[in-house]
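Down below is the structure, laid out as structure tokens.
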Amino acid sequence: MDVSISIVNFDTKDMIAECLASIFKYTKDIEFEVIVVDNGSTDGSIEFIKNNFPKVRLICNRINEGFGPAHNKSFKVSSGKYFAVLNSDVIIDSNVFYELKIFMDKNPDVALVIPKVIYPNGNVQDIFRFYPGVKETILGALYTFNIIDKEKFFKYSTKNCDYNKFKILKNEYAMGCCYFLRRSSIASSYLFDEKFSLVYSEDADLSFRLKKQNFKIVYYPNVNVIHYSGYTVKNKKKYDYDLFKRIRVAFWKNKFYFIRKHHGLLREILLRIIVSVAFSIVLFFEFVKFIFKKPKSESKHNLQIYWSILIYTVFSKPKQI
Numbered sequence: 160m161d162v163s164i165s166i167v168n169f170d171t172k173d174m175i176a177e178c179l180a181s182i183f184k185y186t187k188d189i190e191f192e193v194i195v196v197d198n199g200s201t202d203g204s205i206e207f208i209k210n211n212f213p214k215v216r217l218i219c220n221r222i223n224e225g226f227g228p229a230h231n232k233s234f235k236v237s238s239g240k241y242f243a244v245l246n247s248d249v250i251i252d253s254n255v256f257y258e259l260k261i262f263m264d265k266n267p268d269v270a271l272v273i274p275k276v277i278y279p280n281g282n283v284q285d286i287f288r289f290y291p292g293v294k295e296t297i298l299g300a301l302y303t304f305n306i307i308d309k310e311k312f313f314k315y316s317t318k319n320c321d322y323n324k325f326k327i328l329k330n331e332y333a334m335g336c337c338y339f340l341r342r343s344s345i346a347s348s349y350l351f352d353e354k355f356s357l358v359y360s361e362d363a364d365l366s367f368r369l370k371k372q373n374f375k376i377v378y379y380p381n382v383n384v385i386h387y388s389g390y391t392v393k394n395k396k397k398y399d400y401d402l403f404k405r406i407r408v409a410f411w412k413n414k415f416y417f418i419r420k421h422h423g424l425l426r427e428i429l430l431r432i433i434v435s436v437a438f439s440i441v442l443f444f445e446f447v448k449f450i451f452k453k454p455k456s457e458s459k460h461n462l463q464i465y466w467s468i469l470i471y472t473v474f475s476k477p478k479q480i
């Protein structure tokens, strides 16, 4: 088997339908398998995949086990020389996996290759991020509080990059909407660390582990995928605010765990202090907005999210490594 393509699905029936259709339409000249791990969907995704994509190997979880554990299940049962991690909100419009396989065959010192990622309108998506740290955490807080917008967050949190140029990633990583990995580079029995909660930072951790093993991580812009960025989170926000809150809290949980794992307890404590002060200040102003603003629903939801993050930051014990 040349390539195993792993997709995690959670209530994204319409999106994963496009994703799977594009894979089977454009992937040629390689032996490949597609494994979908469903994280307890209730939107008819499972039945739809069974009826419309019989070649897909489907693994069904009763609950949402999160991004990392789901891909780990896929990794354990897969057999490809290369393993592709693909978001359900990504589609392809060319023979991407064949091209990535050829590149990896020619470059045996590369463990992970990431293609160019574009939005549906054709604009290039900013996918490079600095590894979690003090600067990145402060920027994340400013973004969470809507003090800086998404464009400024990405501008300040990564170097000015030319996304049309080949690049070996050293001080940054690329977000994991489409990872193409060499199986032999994964020394452990798992792909993602399952101590990370739900989503966020698992891709940073995987990249950092490969980096510490002196493997090369490469951005390869000769091929591209199309990413409907954040579809799952945005979709769940519309009707499941409790899950959306858990996802926002997980964003910070995972940052703290990454720092603890790779940089030690003292660095994590420093970051917790910074985040605690920041959220305390913002909570005060959000409470003032809640008192005087009508309608109050958005401020109420923000208060609940910020309060949950603050409580976790101050009172939770650092995870054991």
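Going by the numbering used here, the sequence shown opens with residue 160, and the numbers climb by one from there.
All residues carry an ideal CB built from backbone N, CA and C; glycine is no exception.
Which listed residue (the options) has its alpha carbon closest to that of residue i
i       : options                            : result
His-421 : Ala-409, Lys-370, Leu-402, Lys-265 : Lys-370
Arg-341 : Lys-324, Ile-376, Val-358          : Ile-376
Gln-372 : Leu-271, Lys-354, Phe-242, Leu-425 : Leu-271
Leu-365 : Leu-179, Tyr-338, Ile-327          : Tyr-338
Ile-428 : Glu-445, Asn-211, Lys-275, Val-473 : Val-473
Ile-306 : Tyr-359, Thr-201, Ile-440, Ser-467 : Ile-440
Asp-163 : Lys-329, Tyr-241, Arg-221          : According to the sequence shown, residue 163 is Ser rather than Asp. Ser-163 has its Cα closest to that of Tyr-241, out of Lys-329, Tyr-241, Arg-221.
Arg-221 : Thr-201, Ala-176, Tyr-302          : Thr-201
Ile-277 : Asp-308, Tyr-322, Met-263, Leu-301 : Tyr-322
Ala-346 : Asp-188, Glu-190, Lys-235          : Lys-235
Val-408 : Phe-355, Pro-213, Leu-328          : Phe-355
Leu-442 : Leu-425, Leu-424, Ser-467, Leu-357 : Ser-467
Gly-335 : Asp-285, Val-447, Gly-423          : Asp-285
Phe-212 : Lys-452, Ala-176, Asn-280, Leu-328 : Ala-176
Met-263 : Asn-280, Gly-281, Ala-243, Pro-279 : Ala-243
Leu-357 : Ser-344, Leu-402, Ser-343, Asp-188 : Leu-402
Glu-190 : Asn-210, Thr-171, Lys-172, Ser-237 : Ser-237
Lys-172 : Asn-210, Asp-188, Lys-187          : Asn-210
Pro-291 : Gly-423, Lys-452, Val-447, Phe-446 : Gly-423
Sub-8 Å separation of residue i and residue j beta-carbons
i       : j       : result
Val-384 : Val-255 : yes
Ala-333 : Phe-374 : no
Tyr-471 : Trp-411 : yes
Ile-182 : Ile-261 : no
Asn-381 : Glu-206 : no
Met-160 : Tyr-387 : no
Leu-462 : Ser-435 : no
Lys-417 : Ala-363 : Note that residue 417 is Phe in the sequence shown here, rather than Lys. Yes, the Cβ-Cβ distance between Phe-417 and Ala-363 is below 8 Å.
Val-283 : Lys-275 : yes
Arg-405 : Lys-478 : no
Ser-475 : Asn-413 : no
Ile-218 : Ser-233 : yes
Glu-331 : Phe-289 : yes
Tyr-378 : Ile-273 : yes
Glu-295 : Gly-239 : no
Cβ distance (whole Å) where residue i is taken to contact residue j below 8 Å
i       : j       : result
Ile-208 : Val-195 : 6 Å
Glu-224 : Asn-198 : 6 Å
Leu-179 : Val-293 : No, Leu-179 and Val-293 are not in contact; Cβ-Cβ is about 41 Å, not under 8 Å.
Phe-449 : Lys-459 : 6 Å
Ser-253 : Tyr-302 : Contact flag wrong, Cβ pair sits at about 33 Å.
Distance cut-off 7 Å: residue i Cβ against heavy atoms of the ligand MG
i       : result
Leu-425 : The ligand MG is not among the ligands present in this structure, which contains no ligands whatsoever.
>> Please give me, in chain order, every unbroken run of the beta strand (DSSP E) with length at least 3 that falls completely inside the segment 234-282.
In response: Listed in chain order, they are 241-246, 269-277.
Check your understanding: If we count Cβ pairs, one from each stretch, closer than 8 Å, do we get three or more for the segment 161-181 versus the segment 244-251?
Key -> With a cut-off of 8 Å, the segment 244-251 and the segment 161-181 count as touching, because enough Cβ pairs lie within range.
Self-check item: Start-end ranges of the beta strand (DSSP E) lying completely within the segment 318-354, minimum 3 residues
Solution: For the segment 318-354, the full-length beta strand (DSSP E) segments reaching 3 residues or more read 331-333, 337-341 along the chain.
Worksheet item: Three or more C-beta pairs closer than 8 Å, one from the segment 347-359 and one from the segment 225-232: is that the case here?
Response: Contact holds between the segment 347-359 and the segment 225-232, because three or more Cβ pairs, one in each stretch, are under 8 Å apart.
- Query: Can you give, in chain order, each stretch of the beta strand (DSSP E) that sits fully within the segment 185-243 and has at least 3 residues?
  - Reply: Runs of the beta strand (DSSP E) lying entirely within the segment 185-243, each at least 3 residues long, are 191-198, 216-220 in chain order.
For the segment 363-445, list the alpha helix (DSSP H) runs that are entirely contained and at least 4 residues long, ordered along the chain.
Qualifying alpha helix (DSSP H) stretches, in chain order: 390-398, 400-422.
Would you mind listing the alpha helix (DSSP H) stretches within the segment 454-478 that are 4+ residues and don't spill past its ends, in chain order? Uninterrupted alpha helix (DSSP H) stretches at least 4 residues long and entirely within the segment 454-478 occur at 456-474, given in chain order.
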